[in-house]
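Single-structure report; data block below.
Set out below in structure tokens:
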């Protein structure tokens, strides 16, 4: 399509994005300010679809076939290391912003340690707009952001191994903790903790394993699965 080089590269890298929709800050995290300009080029070329956003933020998605094409070009034209770094940047973009939302909702919560992967500098992560609109409280706005981005956050949890950063599974799950009980996201509560627990156990991280067991157990109790919840608490006590 004769795209400028930066727009062509952003097109390829966005083909690796684990979820269907994304906001403009993802492009900034991937390629800096040039990425935001390239996003406009992709939109003007009808390669991205505008998604209505009640908060007024910019949000986009690919048509399914276009997304497959972008991913195929990424596999063809980006090296394995370049793809790995892009995936890490996207994964840590969602982790960092989920952590910001978590801090707004539960200030001072004793969260698990968050670590950035190779090739990812904390200052390079663009901030999502999680601020309140239309008289919302800051906490409600942060919860809304977590819920809106939940498909992407869950995709990071599911694909953490493919991203080369299995620890993202339990780190993102821990950051999502304020959302699960407040918005009743029980299915995601169970799935995220299952994936996070597996990653923590494989990594041999005792603190993360214990947290995944205890916060996962609370989800079991909330849904009436008392036997499984108590069993998870017992495993945590023995770990």
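Residue numbers (our numbering): 397 to 635. Backbone N, C-alpha and C define an ideal beta-carbon position, used for all residues, glycine too. Model, not experiment: these values are computed from the prediction.
Query	Result
Length at least 3, wholly inside the segment 430 to 497: the beta strand (DSSP E) runs in chain order	455 to 457
Chain-order list of residues whose beta-carbon lies under 6 Å from that of residue 467 (same chain, five-residue window excluded)	411
Start-to-end residues for the beta strand (DSSP E) that takes in residue 576	Per DSSP, residue 576 belongs to no beta strand (DSSP E); it is in the alpha helix (DSSP H), 575 to 579.
Residue 592 (DSSP reduced to helix, strand or coil)	helix
Boundaries (first-last residue) of the alpha helix (DSSP H) holding residue 629	622 to 634
Residue 417 - containing beta strand (DSSP E), residue span	417 to 419
CA-to-CA distance, residue 549 to residue 517, given in whole angstroms	20 Å
DSSP-derived helix/strand/coil call for residue 569	helix
Contacts around residue 488, its chain only, beta-carbon distance under 7 Å, and the 5 residues preceding and following it disregarded	512, 513, 516, 521
Counted within 10 angstroms of its Cβ, other Cβ atoms place residue 635 as buried (16 or more) or exposed	exposed
Nonlocal neighbours in the same chain, by C-beta distance under 6 Å from residue 415, ignoring five residues either side	547, 548, 551
Residue 463 beta carbon less than 7 Å from that of residue 419	no
Given 8 Å, three or more beta-carbon pairs between the segment 561 to 578 and the segment 421 to 435	no
Which of helix, strand or coil DSSP assigns to residue 412	coil
Straight-line gap, residue 534 to residue 541 (C-alpha atoms, nearest Å)	11 Å
Between the CA atoms of residue 530 and residue 465 - distance to the nearest angstrom	39 Å
Simplified DSSP assignment, three categories, for residue 525	coil
Proximity to residue 506 [Cα-Cα], best of 581, 603, 441	603
Outcome for residue 442 when other beta-carbon atoms lying within 10 angstroms are tallied against a minimum of 16	exposed
Cβ-Cβ distance between residue 595 and residue 566 below 7 Å	yes
Buried versus exposed call for residue 527 [16 or more other C-beta atoms within 10 Å across all chains shown]	exposed
Residue 480 versus residue 406: straight-line alpha-carbon distance, rounded	15 Å
Beta-carbon gap between residue 500 and residue 470 smaller than 7 Å	no
DSSP state of residue 503 mapped onto helix, strand, coil	coil
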